[in-house]
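Single-structure report; data block below.
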Amino acid sequence: MGDFDGKTAFITGAAHGQGRATALLLAKEGANIAAFDVARQIEYPSYSFGTGEELESLKAAVENLGGKAVIASGDVRDDAAVTAAVEKTIAAFGKIDVLFNNAGICAYAEIDTMTDDAWNSMIGINLKGPMNVTRRVVPYMKKAGSGVIINNSSVMGLRGGNRLSHYVASKWGLTGMTKAWAIELAPFGIRVVSIHPTGVNTPMNDGLAAMEGLTPVEIAERSAGNLLPVPWIEAEDTAYLVAYLASDKARFATGAQFTLDAGLLTR
Ligand SMILES: NC(=O)c1ccc[n+]([C@@H]2O[C@H](COP(=O)([O-])OP(=O)(O)OC[C@H]3O[C@@H](n4cnc5c(N)ncnc54)[C@H](O)[C@@H]3O)[C@@H](O)[C@H]2O)c1
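Residue numbering for the sequence shown follows numbering that gives the first Met the number 0, beginning at 0 and increasing consecutively.
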């Protein structure tokens, strides 16, 4: 028996990184997986996005674990793509019990050279994206009278960061939206929480390092300041936190912010 037997989890940004690790862990615990990802290179930032092959291999991996998966490619900014993916999930599994709003981007930009494109991409993907997905999923959760929504913010949704004003704004926005949704959705039996990882060892971290001309360890150390002597945490660490928060073991957790920061915010 797994914690998620008979349940369905819809995960954005699932092709690689934290989304993929979470999909695999929830599948191991019995969940059906709906994996959504842009699955192509988009205009900003210039590092590697997920791919269609990664979505296909995730589906195969979930099936190897004895689970079922639907995959859908699309941008969280694209309402038609999001709606189609949610409808495909409902057609396959009948419900969505867990929504992990995980898709996101990061890049550095200074205030005086911040372009409209950089600002709009960051806010569009990291803040409007979760709203786009959530507003299509919530009607099904309300109908079921239950559900859990987990937003992947960041330590940058609880502190400031140098040359990261658009990222920090998007992540603080997501933290605030978590609280607003928790209030609005509690009467329907729906819980909403946010998670706040320190640097995570994913393609995002590698991509930021390459863009800054640093090694992945250097970029993690520059931005982190973890108390524990590690440059980063692993995608699987995020997955364990999400699995706990999405399970009935966390039945009274809502509106709250869960840090997974190797002690960073203690400083
Ligand atoms: N890596 C870190 O250090 C770190 C730390 C704290 C929080 N986060 C947050 O965690 C989340 C996941 O990050 P990750 O480290 O796994 O990053 P990643 O870049 O390794 O993976 C992100 C995934 O999201 C997908 N994606 C990006 N934009 C999308 C869009 N517009 N529509 C649909 N899919 C899209 C990508 O294709 C990719 O598969 C992000 O929201 C990020 O901001 C990351």
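All C-beta atoms in this analysis are idealised placements derived from N, C-alpha and C, irrespective of residue type, glycine included.
Residues that residue i bridges to, as DSSP identifies them
i, result
"Pro196", "Leu259"
"Thr7", "Asn31"
"Asn225", "In DSSP, Asn225 forms no bridge with anything."
"Ile189", "Gly146"
"Asn151", "Ile194"
"Ile232", "Val199"
"Asp36", "Ser72"
"Ala108", "Leu163"
Endpoints, the beta strand (DSSP E) within which residue i is located
i, result
"Leu98", "Val97 to Asn100"
"Ile182", "Here Ile182 belongs to no beta strand (DSSP E); instead the alpha helix (DSSP H) covers Ser164 to Leu184."
"Val69", "Ala68 to Ser72"
Nearest-angstrom Cβ-Cβ length linking residue i and residue j, presumed shorter than 8 angstroms
i, j, result
"Ala26", "Glu235", "Their Cβ separation, rounded to whole angstroms, is 13 angstroms, which puts Ala26 and Glu235 out of contact at 8 angstroms."
"Gly103", "Ile124", "6 angstroms"
"Arg190", "Ala252", "6 angstroms"
"Ala8", "Ala238", "That pair is no contact at about 11 angstroms."
Span of the alpha helix (DSSP H), counted from its first residue to its last, around residue i
i, result
"Asn63", "Gly51 to Asn63"
"Ile89", "Asp78 to Phe92"
"Ile122", "Asp115 to Ile122"
Residue i beta carbon near ligand 3 (any heavy atom closer than 7 angstroms)
i, result
"His15", "Looking at this structure, you won't find ligand 3 anywhere; what it does contain is ligand 1."
Query raised in the report: Hey, is the segment 68–80 in contact with the segment 157–170, meaning 3+ C-beta pairs nearer than 8 angstroms?
Result: Taking 8 angstroms as the limit for Cβ pairs, the verdict is that the segment 157–170 does not touch the segment 68–80.
Query raised in the report: Counting Cβ pairs, one atom from each stretch, are 3 or more of them under 8 angstroms apart for the segment 225–242 and the segment 120–138?
Result: The segment 225–242, when compared against the segment 120–138, does not touch it at the 8 angstroms Cβ threshold.
**Report entry** Given 8 angstroms, three or more beta-carbon pairs between the segment 163–172 and the segment 34–43
**Finding:** Touching, no, given that fewer than three Cβ pairs across the two stretches are closer than 8 angstroms.
Query - Cβ contact (3+ pairs, closer than 8 angstroms) linking the segment 242–261 and the segment 183–198 - result: A contact between stretches requires three or more CB pairs, one per stretch, nearer than 8 angstroms, and the segment 242–261 meets this requirement with the segment 183–198.
Query raised in the report: If we count Cβ pairs, one from each stretch, closer than 8 angstroms, do we get three or more for the segment 49–67 versus the segment 170–185?
Result: Here the segment 49–67 makes no contact with the segment 170–185; the two share fewer than three CB pairs at distances below 8 angstroms.
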